[in-house]
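*Asks:* From first to last, the protein sequence lines are chains A and B.
For the first sequence, position 59 matches number 59 in the working numbering, and the numbering has no gaps at all.
For the second sequence, position 272 matches number 366 in the working numbering, and the numbering has no gaps at all.
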Amino acid sequence: MKNEWPLWEVFIRSQHGLAHRHVGSLHAPDATMAINNARDVYTRRNEGTSIWVVKSVDITASHPDDKAELFDPAQSKVYRHPTFFPMPDDVKGL
Amino acid sequence: MYAQMVDTGTPSAAAVDAQEARFQQRIDDGIRIEAQDWMPERYRRTLIRQISQHAHSEIVGQLPEGNWITRAPSLKRKAILLAKVQDEAGHGLYLYSAAETLGISRDQMVDDLHAGRAKYSSIFNYPTLTWADVGAIGWLVDGSAIMNQIPLCRCSYGPYARAMIRVCKEEAFHMRQGYDLMLALARGTPAQQAMAQDALNRWWWPSLMMFGPPDGDSVHSAQSQAWKIKLFTNDELRQKMVDQTVPQAEYLGLTVPDPDLKWNAERGHYDFGAIDWEEFYNVVKGNGPCNRERLETRRRAWDDGEWFREALVAHAGKAAARATAKAA
C-alpha cells in the first residue's frame, strides 16, 4: 500500500475550438507520466487534440448539500433568458 | 475523483430510514447518484464489489488472448489483436477509477485480487488452445459482455454508467473482429472450419454461464435491481444472448453444441439445454483449468513491476524537490 501513485483528473479537447472536457481519471507518478498515460487510456480512437491533467487533490468541488443555496436562486430569474421577452413579429433584427 | 466520505456521525435509525427513502426516491426518479452524494453503506459496498470485479475481469481477460499475440497468422490480425487487448487494459482502468470514487484505493483492489479475496469473471479461467479461440472470445465472450454492459450505461451510479458508455463503444469493435475472424475460418479449408467448430464447442457453454446463476439462485438480484445497478435478470440476458447468437452461428455454418436447442414459436425465443452449474461453481471456486495460472501471472506482473513503480515515484519526488529548491 506504500507509495501509491497520485490520482489525476484528465481533460481532453476533442476538436480545435472546443473546450477541454473531463473524461476520467488515472494514476501516475508525475504530470509528464500522467499526460503519457492519458494519451494511452483516453485517446486511442482520435478522441483528442489536447490533454490537460490536474491532480485530483487540487480540485475544489462544491458540496451536494449546498446545491439548493448555490443554484436555486437562478431558477426565479427567467428574465435572464431572451425568450422571456415576447417580441412583435414584424420587428426584425432582435 | 475521490469520493468525499460524508461523515454522518451516528444518526438515529429513523433519520437513516428517511435518508434512505430519499435516496431510493432519487433512483426511482432516474436521477444519477454521484460520488459526493449520500448513499447507504450497502449500496457503496455492493458497487465496490461489482465494479472492482468487473475491472479485474478486464485486466485478467487480457491474458487468454494475449497468449496469441505473437502467433497471430498475419500482421493485420496481430495489430487488431494488440489493439483489442490494449482496449481491455483501458476498460480495466476506467472501471478501477469508477470504483475509487466510492472510497477504495487502487492498491487495495489490486491486493484483493491477488490475495484471492476478489473475483473476476470465471470465463477467463478457460485456456485458448487454438487461433479460433481468439475469434470465439470476441464473438461470444465479448458478445455476452456487451449484452450485460449495455443496460449498465443507464445504471444509477454516475461514474459507473459513464465508464460503461466508453466501454460499450469500444466493445462493439471487439465483437466484430471476433466474428470477422470466425467468418474467415468458416470460409476457409475444412481444417479451418473444424477449428472454428471446436472453438464454438468449447466456448458456448462458458459464455452462457457468464450471465451468472439462474434467477432463483442469484443472491444479490432483488436489491441490485431496486438500486438500478442491475437492470435485467441473469436469465433474461442469457436468453437474449442465445436468441442473438444462434442465427449468427448458422450463418457461419457452425453447429451450436446443444442437442436441446430449438426455436419455440410460441415463446418467440430459442429453448436451450440445461447448463452444467456444477462446472460453473467449480471454476468460481478456483478449480477451473487456468485459475492458478491466471492469478500467478497477475501477481508476478505486479511484483516484477514494483521496483519500476517505486523508481518513478522517487524520480518524481526528486524532480519536485529540485524545482522547489530552484524557485527558492
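From the three backbone atoms N, C-alpha and C, an ideal C-beta is built for every residue, glycine too.
These figures come from a predicted structure and were not determined experimentally.
(1) Pull up the distance between the alpha-carbon of Pro245/B and that of Ala255/B, whole angstroms please.
(2) Under 8 Å, with one C-beta from each stretch per pair, do the segment 209-220 of chain B and the segment 273-286 of chain B reach the 3-pair mark?
(3) Measure the CB-CB distance between Ala160/A and Trp8/A and report whether it falls below 7 Å.
(4) Could you work out which residues of chain A lie near Gly184/B, taking near to mean beta carbons separated by less than 9 Å?
(5) For Asn37/A versus Leu26/A, is the C-beta distance shorter than 7 Å?
(6) So that I know if they touch, is there some Cβ in chain B lying closer than 7 Å to that of Lys14/A?
(7) Give the C-beta separation of Ala192/B and Ala257/B to the nearest angstrom, bearing in mind that I take them to be a contact with Cβ-Cβ under 8 Å.
(8) Once you ignore the five residues that flank Asn161/B on each side, which residues in its own chain have a CB closer than 6 Å to its CB?
(9) With DSSP as the reference, label Trp357/B as helix, strand or coil.
(10) Could you tell me whether the Cβ of Glu390/B comes closer than 7 Å to any Cβ of chain A?
(11) Are the CB atoms of Glu152/B and Glu182/B nearer to each other than 7 Å?
(12) Does His27/A have its Cβ less than 7 Å from a Cβ in chain B?
(13) How is the beta strand (DSSP E) around Glu152/B delimited, first residue to last?
(14) Closest to Gln338/B by C-alpha separation, out of Asn358/B, Tyr364/B, Thr327/B, would be which residue?
(15) Within 7 Å of any Cβ in chain B, is that where the Cβ of Glu4/A sits?
(16) I think Leu346/B touches Ala408/B, with their Cβ atoms under 8 Å apart; what is that distance to the nearest whole Å?
(17) For Asp131/B and chain A, any beta-carbon pair shorter than 7 Å?
(18) Are the segment 381-394 of chain B and the segment 305-323 of chain B in contact at 8 Å, needing three or more beta carbon pairs?
(19) Let me know the secondary structure DSSP gives Arg126/B once reduced to three states.
(20) Can you name the start and end residues of the alpha helix (DSSP H) that Leu275/B belongs to?
(21) Along the alpha helix (DSSP H) that carries Ile12/A, what are the first and last residues, could you check?
(22) Is there at least one Cβ from chain A nearer than 7 Å to Leu176/B's Cβ?
(23) Assuming Val378/B is part of the alpha helix (DSSP H), what are its boundary residues?
(24) Below 6 Å CB to CB, which residues in the same chain sit around Lys77/A once its five sequence neighbours on both sides are set aside?
*Replies:* Inspection of the coordinates gives the following:
(1) Here the alpha carbons of Ala255/B and Pro245/B stand approximately 9 Å from one another.
(2) Judged by pairs of C-beta atoms under 8 Å, the segment 209-220 of chain B does not touch the segment 273-286 of chain B, as fewer than three such pairs exist.
(3) Since the first residue shown for chain A is 1 and the last is 94, residue 160/A is missing from the structure and cannot be characterised.
(4) Here the neighbours are Asp40, Val41, Tyr42, Arg44.
(5) Taking the C-beta atoms as reference points, Leu26/A is found nearer than 7 Å to Asn37/A.
(6) Residue identity differs from the one stated: residue 14/A is Ser in this sequence, not Lys. Among the CB atoms of chain B, none fall inside 7 Å of the CB of Ser14/A.
(7) Rounded, the Cβ-Cβ distance is 4 Å, consistent with contact.
(8) Same-chain partners within the cutoff: Thr222.
(9) Note: Trp357/B maps to strand in three-state DSSP.
(10) Glu390/B does not count as touching chain A.
(11) One thing to note: Glu152/B has its Cβ within 7 Å of the Cβ of Glu182/B.
(12) By this cut-off, His27/A is an interface position.
(13) From DSSP, Glu152/B is part of no beta strand (DSSP E) but of the alpha helix (DSSP H) over 135-154.
(14) With distances taken between Cα atoms, Gln338/B lies closest to Tyr364/B.
(15) It does; some Cβ of chain B falls within 7 Å.
(16) The pair is not a contact, with the Cβ atoms about 53 Å apart (cut-off 8 Å).
(17) Output row for Asp131/B: interface = yes.
(18) No, the segment 381-394 of chain B is not in contact with the segment 305-323 of chain B.
(19) Annotated three-state conformation of Arg126/B is coil, per DSSP.
(20) Leu275/B -> alpha helix (DSSP H) spans 252-280.
(21) Judged by DSSP secondary structure, Ile12/A falls outside any alpha helix (DSSP H) and instead within the beta strand (DSSP E) spanning 7-13.
(22) So no, Leu176/B is outside the interface.
(23) Annotation for Val378/B: no alpha helix (DSSP H) segment contains it, and DSSP assigns it neither H nor E.
(24) Correct list: empty, nothing qualifies.
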